[in-house]
Every structure is written in C-alpha cells, then in structure tokens.
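Right, one structure below, let's go through it.
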Amino acid sequence: WGRYRSIWKIQGEPLVSIVIPNKDHLSDLKRCLDSIYRKSTYRNFEVLVLENNSTSQEIFRFYEELENTYENLKVLRWEKGFNYAAINNFGAEQAKGEYLLFLNNDTEVITPDWLEELLGYCQREDVGAVGAKLYYPNDTIQHAGIVLGMGADGVAGHILYGTERGRFTYAGRANSTQDISAVTAACMMVKKEIHQKIEGFDSGFAVAFNDVDYCLRIRELGKLVVFDAFVELYHYESNSRGKEDTREKQKRLKQEAERFHRRWKSILEKGDPYYNPNLSLLLCDCSLRWPRRINL
Numbered sequence: 006w007g008r009y010r011s012i013w014k015i016q017g018e019p020l021v022s023i024v025i026p027n028k029d030h031l032s033d034l035k036r037c038l039d040s041i042y043r044k045s046t047y048r049n050f051e052v053l054v055l056e057n058n059s060t061s062q063e064i065f066r067f068y069e070e071l072e073n074t075y076e077n078l079k080v081l082r083w084e085k086g087f088n089y090a091a092i093n094n095f096g097a098e099q100a101k102g103e104y105l106l107f108l109n110n111d112t113e114v115i116t117p118d119w120l121e122e123l124l125g126y127c128q129r130e131d132v133g134a135v136g137a138k139l140y141y142p143n144d145t146i147q148h149a150g151i152v153l154g155m156g157a158d159g160v161a162g163h164i165l166y167g168t169e170r171g172r173f174t175y176a177g178r179a180n181s182t183q184d185i186s187a188v189t190a191a192c193m194m195v196k197k198e199i200h201q202k203i204e205g206f207d208s209g210f211a212v213a214f215n216d217v218d219y220c221l222r223i224r225e226l227g228k229l230v231v232f233d234a235f236v237e238l239y240h241y242e243s244n245s246r247g248k249e250d251t252r253e254k255q256k257r258l259k260q261e262a263e264r265f266h267r268r269w270k271s272i273l274e275k276g277d278p279y280y281n282p283n284l285s286l287l288l289c290d291c292s293l294r295w296p297r298r299i300n301l
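Just so you know, we're using our numbering here: the sequence shown kicks off at 6 and counts up by one.
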C-alpha cells in the first residue's frame, strides 16, 4: 500500500495469559483453541477457559479432554450469571502472565506471529492496549478500530465495518497500524499491571461498551490504544452470545448506552480525536458528513 510498517522487537519471553469466556458452543471453542495451538509461533502462553454455566454435558467432556491434552490450559468456573466484564475480570485475577490477552471463543487465528506482533506494541511504555483486525467468515471487516460517537446510539462504532478484505480504504486506515480511541475486547492485549491500575472492566457494562469504556480509562492514564492492522483473526460474531433481538436485550443495550453517555459526555461532545469531524458518524465508511461540522 506504499506505506512503511514498524515492527517492534519483543523484549524477553514474557508469559501471555489468553483469557477466553465460554458457555456451551463446543465447535466455536474448539476452532478457536485449535487455531491458537496450531498456528501460534510464540509458545510462552497459558490459556484460561472461563466456563460460564454451560448445560451441555458434551462441553464438560471436552473440557476434561483439553486439560489432559494441554499442560498450559485450565478451565475455571464462573458460576454467577453472564456478565462479560465481570467474567473477564475473574479470569484476569487467576492469570499468571505479565500480559493479558482477552479473546472471544468465536474467533480463529489467521496470523501465525499474532502474539509477537501484539506483544511488540504492548511492551512499549507509552502503549496501554493493542487490538487486532477481525473479519467475518465472508472476508469482510468486522473490526478495524472503534470510533467514538459513531452509530445510531451515538456511543461508538466499528470503522470500515463490512469492507471487503484487502480493499484500499480511506487514508489506508484498514491496512495501517494506528493509535485509536478504542479496540474491541474480542481480541485485545493489555499489560496486567495496566489492567489492575484501572481496576479492570466495569461490570456495570455487562455486555456492551465495556471494552470502549476500558480503553478510555486506559487513555486517562496517558497511555495509547493501538489498532494493529497486521494481526488478523476471523470473528464469528455473536455466535456464542446471540444478537440483540429481544425486548429485554434491547432494553439492557439502551441502559448501557445511556450509562456510557453519562460517564463520557464531555469526550463524546468534543468528538473522537482520531477521526475527522467532517466524516460521517452515521455511516462507518468514512464518507463525508452532511452538513459538514467545520466550515473551511
């Protein structure tokens, strides 16, 4: 794409704790773990599978098989109700690694040196969190960074969502590693010390916006959040959790959006510092906003 790429050499061989919440959905978890163990070139990691009230006996047999197969894998039981933020905090507390990698169970690793690439940025003193580029199975972008204020709810949205893989995008954003306001926790690495400093995810955001809130609190420490365009995974989004398709789920989503607006009102009013104010917030394709916000 006519751009230079920086590769940060990792220092030492720190332990990375890969934290994966799971409820049932054996096939998703199996695909995810197979890709980690088969493709990863960096081997100093542990995997913590956070079991959350599964009902299928088949999954428990699979857990037993996993623990017998992999010495660096543990299954931990979260017996309270589903709360994505609280479950990940629980996993982080049990983690032995200096670095935490929050990973959804419905992801599949594409890039063999993904852990080295994420670590290289995460070890920088000025960086707090690093996220990856995620694709749907049809090779369109699911995540290439998050823009504040984007979307119908005015909270945050995924820039370039639905763009074809490999397509040149506005300013080359989909193919360029960059500082950004937030990244999805579907695949996000953070130093454990940073996680502890901000006291983890806010469990008040049980399902939505917990990762955006998390990244903004990291930025309050004066740290950068980085989108790494060269770490790629597939994301079979919402296969395991389901979609916001019931009245109860929509009510919860609205409440979490309102909570986010109250907490980050001043930032939302100023606008995302990593996004041009003359570009649309209703569309995610970097098309022009109308009427334009700034008179030229």
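All residues carry an ideal CB built from backbone N, CA and C; glycine is no exception.
Query: Nearest-angstrom Cβ-Cβ length linking residue 140 and residue 240, presumed shorter than 8 Å; Result: 7 Å
Query: Option in 8, 133, 122 and 41 with minimal Cα separation from residue 201; Result: 133
Query: Cβ neighbour criterion (16 or more within 10 Å) applied to residue 136; Result: buried
Query: For residue 211, three-class secondary structure by DSSP; Result: coil
Query: Simplified DSSP assignment, three categories, for residue 95; Result: helix
Query: With 16 other Cβ atoms within 10 Å as the buried cut-off, status of residue 123; Result: buried
Query: Residue 99, buried or exposed, once every other Cβ within 10 Å from all chains shown has been counted against 16; Result: exposed
Query: Range covered by the beta strand (DSSP E) that runs through residue 138; Result: 132-140
Query: Spatial neighbours of residue 47 in its chain, beta-carbon cut-off 6 Å, leaving aside the 5 residues before and after; Result: 120 and 121
Query: Exposure label - residue 226; buried when at least 16 CB within 10 Å; Result: exposed
Query: CB-CB length for residue 44 against residue 142, believed under 8 Å; Result: 17 Å between Cβ atoms; not a contact.
Query: Residue 65 - containing alpha helix (DSSP H), residue span; Result: 62-74
Query: Proximity to residue 169 [Cα-Cα], best of 161, 180 and 159; Result: 180
Query: Rounded straight-line distance, which links the Cα of residue 36 to that of residue 91; Result: 24 Å
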